[in-house]
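Visitor: Please find one structure pasted underneath; my questions will follow.
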Amino acid sequence: MTQQTNEVVTIQDSVLIEGVMRIAERLLEAEREEPVAPFRTPEEMTELIDPFLCAEGMSSEAVLDALEQVVLATPRTCTSQFFNQLFSGRLSMATAGEMLASLLNISMYTYKVAGPHAIIETALTQHMASKVGYESGEGVFSPGGSLANLAALIMARNEALPGARESGLDARAVAVYASVDCHYSIRKACGMIGLGRRNLRLVETDKHGRMQPDTLASMIAADRAARVAPIAIVATAGTTVRAAFDPIEPIAAVAKTHGVWLHVDGAMGGAMLLSEAHADLTAGSELADSWTWDAHKLMGIPMSSSVILCKQRGMLAKHFDEAASYLFQGDADEYNHGTRSIQCGRRNDALKLWAAWKQLGDDGFRKRIDHLFSLACFTAKEIERRPALELTCAPESVNVCFEAIGKPSDAICETLRREQLAMVGHAEVSGRRVIRVACVNADMTAEDMLAFLDAVEEVAARTPDGDNGLRQG
Ligand SMILES: *Cc1c(COP(=O)(O)O)cnc(C)c1O
Numbered sequence: 023m024t025q026q027t028n029e030v031v032t033i034q035d036s037v038l039i040e041g042v043m044r045i046a047e048r049l050l051e052a053e054r055e056e057p058v059a060p061f062r063t064p065e066e067m068t069e070l071i072d073p074f075l076c077a078e079g080m081s082s083e084a085v086l087d088a089l090e091q092v093v094l095a096t097p098r099t100c101t102s103q104f105f106n107q108l109f110s111g112r113l114s115m116a117t118a119g120e121m122l123a124s125l126l127n128i129s130m131y132t133y134k135v136a137g138p139h140a141i142i143e144t145a146l147t148q149h150m151a152s153k154v155g156y157e158s159g160e161g162v163f164s165p166g167g168s169l170a171n172l173a174a175l176i177m178a179r180n181e182a183l184p185g186a187r188e189s190g191l192d193a194r195a196v197a198v199y200a201s202v203d204c205h206y207s208i209r210k211a212c213g214m215i216g217l218g219r220r221n222l223r224l225v226e227t228d229k230h231g232r233m234q235p236d237t238l239a240s241m242i243a244a245d246r247a248a249r250v251a252p253i254a255i256v257a258t259a260g261t262t263v264r265a266a267f268d269p270i271e272p273i274a275a276v277a278k279t280h281g282v283w284l285h286v287d288g289a290m291g292g293a294m295l296l297s298e299a300h301a302d303l304t305a306g307s308e309l310a311d312s313w314t315w316d317a318h319k320l321m322g323i324p325m326s327s328s329v330i331l332c333k334q335r336g337m338l339a340k341h342f343d344e345a346a347s348y349l350f351q352g353d354a355d356e357y358n359h360g361t362r363s364i365q366c367g368r369r370n371d372a373l374k375l376w377a378a379w380k381q382l383g384d385d386g387f388r389k390r391i392d393h394l395f396s397l398a399c400f401t402a403k404e405i406e407r408r409p410a411l412e413l414t415c416a417p418e419s420v421n422v423c424f425e426a427i428g429k430p431s432d433a434i435c436e437t438l439r440r441e442q443l444a445m446v447g448h449a450e451v452s453g454r455r456v457i458r459v460a461c462v463n464a465d466m467t468a469e470d471m472l473a474f475l476d477a478v479e480e481v482a483a484r485t486p487d488g489d490n491g492l493r494q495g
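Using this note's numbering, read the sequence shown as starting at 23 and increasing by one per residue.
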């Protein structure tokens, strides 16, 4: 019996140390040789990986082989040919932190089980709050920007409608304001927390994709005259397609006039708070009541690492604390972060960010952000220089939108993917379907961008003509 137990333990250790490292090495090799994973349909993928589960188990070696196959069949988001999303690349120290966090398997709700990680979470959120400009701010990690936005809107709702947390919503007419380019998580949250998706008012943007504060002001004034209660204004720092920044200062002035909660959705652009060269984009950051900031986007931390930050310490506990005598047992609640979170059990998304921040410091992240910004500017200039390509608009920050003249953007993106040339997405800007390149991987160089544009041009040349104009309405 004892012998059998030991055997199991030995196998488990070799799974971790040798098995995982072997697969990791193969993946790194595959990333170098084939930066874009082979294209497979869902049917082909199902055939390849055999996802079905059986009554009988398999040997560790067989499972490791199956894992290796899955790993090698996975879209490669960490290479220099992945432009498809607002995350990309691999910061090794952060990946190390993530792997160790899995090994430790703690939960972030109490100091009792999280120990040093609770203190690390406090240190990180305090540091990030100070970058927003909050003097006595606070924060807590959230499983992504969408849920950080949800938490912000819950706080805004409860502050605007006293009694909402205890007694639910009364029949009051309400409204939330965000720009037409806001992230869909805002509308989703309005639907989830009883405000109503229909009551999200979309404010027009200017030609740069930034919310127009005057339009916002008149919409709120009209709503108030009609006895509609304004719940929150959401400014976006880094919109999803154009990476534009709504002007916080004039929006904050409107929020102040009407006594409305101002939330900044900086899931994408929160990291811009670390850049001195581009500080103008986030000017007035400290005037907002709350911020969402994803470290898994511009900062290169593995999915996901996101925080909700509040200007006023105590605000999170005011709206999210619950009594649970089996859980919150002693120790100062200062480090019982479960008293401030939407979640109960919560994974450790702090350690990886902390490891990377220790390594890079504020300075390293600042250089990273500035590099991404200049990469986007370089790419835009290069597009302007090439007759077959057309820049949609000057980049607002790290995203570049363009078309191959007379060629359908969606078909080009699909060919690039199927032929393992690049992963890139298309999106809508001003009624046209454009190719959106997100410069979020700081390992990328000007040469990578040139190679990418060459690939786009080469594919466009053999793509049948087509128009990118979208029917409106
Ligand atoms: C990515 C993003 C979100 C959603 O964040 P997740 O971490 O993906 O949930 C929300 N808002 C903006 C502006 C984003 O860029």
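Even for Gly, the Cβ is constructed at its ideal location relative to N, Cα and C.
In this text, all values refer to a predicted model and were calculated from it rather than measured experimentally.
Under 6 Å: does the beta carbon of D316 sit that close to some heavy atom of ligand 1?
Guide: For ligand 1, at least one heavy atom lies less than 6 Å from the Cβ of D316.
Visitor: D268: beta carbon under 6 Å from a heavy atom of ligand 1?
Guide: D268: no, Cβ never under 6 Å from ligand 1.
Visitor: Counting along the chain, where does the alpha helix (DSSP H) carrying P235 start and finish?
Guide: 235-247 is the extent of the alpha helix (DSSP H) around P235.
Visitor: Which word fits F61, buried or exposed, when buried means at least 16 other C-beta atoms lie within 10 angstroms of its C-beta?
Guide: So F61 counts as exposed.
Visitor: Give every residue of the same chain whose Cβ lies closer than 6 Å to the Cβ of M290, excluding the five residues on either side of it in the sequence, and list them in chain order.
Guide: Hits under 6 Å: L108, G260, K319.
Visitor: Would a C-beta distance cut-off of 7 Å place K374 and I323 closer than the cut-off?
Guide: Taking 7 Å as the Cβ cut-off, K374 and I323 qualify as a contacting pair.
Visitor: P409: which of A354, A339, D35, A483 sits nearest, CA to CA?
Guide: Of the candidates A354, A339, D35, A483, the one whose C-alpha sits nearest the C-alpha of P409 is A483.
Visitor: At the level of alpha carbons, what is the spacing between H205 and R223?
Guide: If you take the alpha carbons of H205 and R223, they lie about 13 Å apart.
Visitor: Out of C423, R455, L438, R440, state which residue places its alpha-carbon closest to the alpha-carbon of P430.
Guide: Taking only the C-alpha atoms, the option nearest P430 is R455.
Visitor: Helix, strand or coil, according to DSSP, for I157 in the structure here?
Guide: Correcting the residue type first, residue 157 is Glu in the shown sequence and not Ile. Three-state result, E157: coil.
Visitor: Take G79 and list the residues in its own chain whose beta-carbon comes closer than 8 Å to its own, dropping the five residues that flank it on each side.
Guide: Closer than 8 Å at the Cβ level, and outside the excluded window around G79, lies no residue.
Visitor: Which of the three DSSP states is assigned to F342 in this structure?
Guide: It is helical.
Visitor: Would you identify the three-state DSSP class for I176, choosing helix, strand or coil?
Guide: Here I176 sits in helix by DSSP.
Visitor: E20 bridges to which residues according to DSSP?
Guide: Residue 20 is absent from the model: the chain starts at 23 and stops at 495.
Visitor: Rounded to whole angstroms, what is the Cα-Cα separation between A182 and R246?
Guide: Spanning the two alpha carbons is a distance of roughly 13 Å.
Visitor: For I391 and A464, what's the separation of their Cα atoms in angstroms?
Guide: So the two alpha carbons sit approximately 8 Å from each other.
Visitor: Looking only at its own chain, which residues have a Cβ that is under 6 Å from the Cβ of G41, when we skip the five neighbours before and after it?
Guide: Excluding residues within five positions, the ones whose Cβ falls inside 6 Å are L86.
Visitor: Give the secondary structure of F61 by DSSP, where H, G and I count as helix, E and B as strand, and everything else as coil.
Guide: The answer is coil: DSSP assigns F61 none of H, G, I, E or B.
Visitor: Tell me the DSSP secondary structure of Y348 in three-state form.
Guide: Y348 falls in the coil class under three-state DSSP.
Visitor: Tell me the DSSP bridge mates of Q421?
Guide: Contrary to the premise, residue 421 reads as Asn rather than Gln in this sequence. Its beta-bridge partners are A460.
Visitor: Let me confirm a value: P138 is counted as buried when at least 16 other C-beta atoms fall within 10 Å, else exposed. Which label applies?
Guide: So P138 ends up on the exposed side.
Visitor: In angstroms, rounded to a whole number, what distance separates the CA positions of G360 and Q103?
Guide: Approximately 39 Å between the Cα atoms of the pair.
Visitor: In terms of residue numbering, what span does the beta strand (DSSP E) encompassing S201 cover?
Guide: Run containing S201: 196-201, per the beta strand (DSSP E) assignment.
Visitor: How far does the alpha helix (DSSP H) with D384 in it extend, from its first residue to its last?
Guide: 373-407 is the span of the alpha helix (DSSP H), which, as asked, contains D384.
Visitor: Within a Cβ cutoff of 8 Å, which residues of the same chain sit near P235, ignoring the five residues on either side of it in sequence?
Guide: Cβ within range, chain order: P269, P272, I273, A275, V276.
Visitor: Nearest-angstrom Cα distance between A84 and G155?
Guide: Rounded to whole angstroms, A84 to G155 spans 53 Å at the Cα level.
Visitor: List the endpoints of the continuous beta strand (DSSP E) containing E479.
Guide: No beta strand (DSSP E) contains E479, which is instead part of the alpha helix (DSSP H) from 468-483.
Visitor: Going by the DSSP bridge assignment, what does I255 pair with across the sheet?
Guide: Looking at the DSSP assignment, I255 forms a beta bridge with Y199, L284.
Visitor: Could you tell me whether any non-hydrogen atom of ligand 1 is closer than 6 Å to the CB of A449?
Guide: Checking every heavy atom of ligand 1 against the Cβ of A449, none is found closer than 6 Å.
Visitor: With three or more C-beta pairs closer than 8 Å as the rule, is the segment 160-178 touching the segment 302-316?
Guide: Touching, yes.
Visitor: Which same chain residues end up closer than 8 Å to I215 when comparing Cβ atoms and leaving out the 5 residues on each side of it in sequence?
Guide: Contacts found: L172, L175, I176, R179.
Visitor: Which residues in the same chain as I71 place their Cβ atom closer than 8 Å to its Cβ, once the five residues preceding and following it in sequence are excluded?
Guide: For I71, where only same-chain residues beyond five positions count, the Cβ hits under 8 Å are A88, Q91, V92, A95.
Visitor: For L309, which three-state DSSP category applies?
Guide: Helix at L309.
Visitor: Mind checking whether A460 and F105 have CB atoms under 7 Å apart?
Guide: Cβ distance < 7 Å, so A460 and F105 count as in contact.
Visitor: Taking Q34 as the reference, which of M43, S82, R54, E65 has the closest Cα?
Guide: Of the listed residues, the one whose Cα sits closest to Q34 is S82.
Visitor: In its own chain, which residues sit with a C-beta less than 7 Å from the C-beta of Y133, not counting the 5 before and 5 after it?
Guide: These residues qualify, in order along the chain: A140, D353, Y357, N358.
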